[in-house]
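Structure, as structure tokens:
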Amino acid sequence: MKHSHDHRGTHDGTLDVWAVEGRFQHLLYSPRGGIEGVLIDTDGVSTQFVFERHDEGAASAFAGLQVGQVLVVEGTEEGPSPKGDAAHTVYRFERLASVDGESPGHAAGEDERIEGTVVRLNYARHGEANGVVLDTGDFVHTRPDGFARLGLKVGDRVRAEGRAQALATGKGCVVDAERVNGRPVREAKAS
């Protein structure tokens, strides 16, 4: 089966990572309703990428995509399955390298600066406010102590800086804020 892909392996041959370009077809669901992979069309041939079990970060990278968008997906080729022959080539997902020729955006752990207006508060599992959601759809995570220190409210303009990753919805990101409007979110520790 011929695929349009580039090989990016190690020199000692221990890891063969392939970059496969194709058009997004659809997500693949697990029997329990989770997302366990994605199918792309590579020059008329279906190519499947499977995620590690319970890898919500991988699934979120694909959640906002539209059918037909051009993707470059990297993965390692899966070996034969003891359950039978695959209908197409299957790769173990490594990363989404590009969408329509551009970086897919908020990669996990990437430094980011976002700006927007607070439209609602977000609450931790125990019910205490731990950040704000902006009109851009982004979530600024401040932790409860940071939220109390900053005194943010609906309607405030916010500029947040910190580590970012995509939200599970596929739209917007979560920023683990280090600074909001130029102010540190956490108290400086006394030395």
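Numbering follows this note's numbering, in which position 115 of the sequence shown is assigned residue number 1037; successive positions increment by one, without gaps. Heads up, the beta-carbon is just placed ideally off N, CA and C, and yes, glycines get one too.
Environment of Lys924 [buried if 16+ CB atoms lie within 10 Å]: Only weak support is given to the placement of Lys924: the predicted model assigns it a pLDDT of 35, under 50, and the question is left unresolved by the model.
Alpha-carbon to alpha-carbon, Pro1026 and Glu882: Look at the range of the chain in this structure, 923 to 1113, and you will see that residue 882 is not part of it.
Secondary structure, alpha helix (DSSP H): runs of 4+ residues fully inside the segment 964-1017: 978-984
Assumed close pair Gly1084, Val1097 - CB separation to whole angstroms, cut-off 8 Å: 5 Å
Own chain partners of Gly1053 with C-beta closer than 7 Å, once the 5 adjacent residues on each side are dropped: Asn1044, Phe1061, Val1062, His1063, Thr1064 and Phe1069
Neighbour-count burial assignment, Ser982, 16 or more Cβ in a 10 Å radius: buried
Own chain residues within Cβ distance below 6 Å of Ile957, not counting five before or after: Leu949 and Ala981
Assigned secondary structure, Val942 (DSSP; H/G/I helix, E/B strand, else coil): strand
Cα-Cα separation between Ser968 and Ala1088, rounded to whole angstroms: 26 Å
First and last residue of the uninterrupted beta strand (DSSP E) at Gly1053: Ala1051 to Leu1056
Member of Pro953, Glu1109, Leu961 and Arg1101 whose CA lies at the smallest distance from the CA of Asp1033: Arg1101
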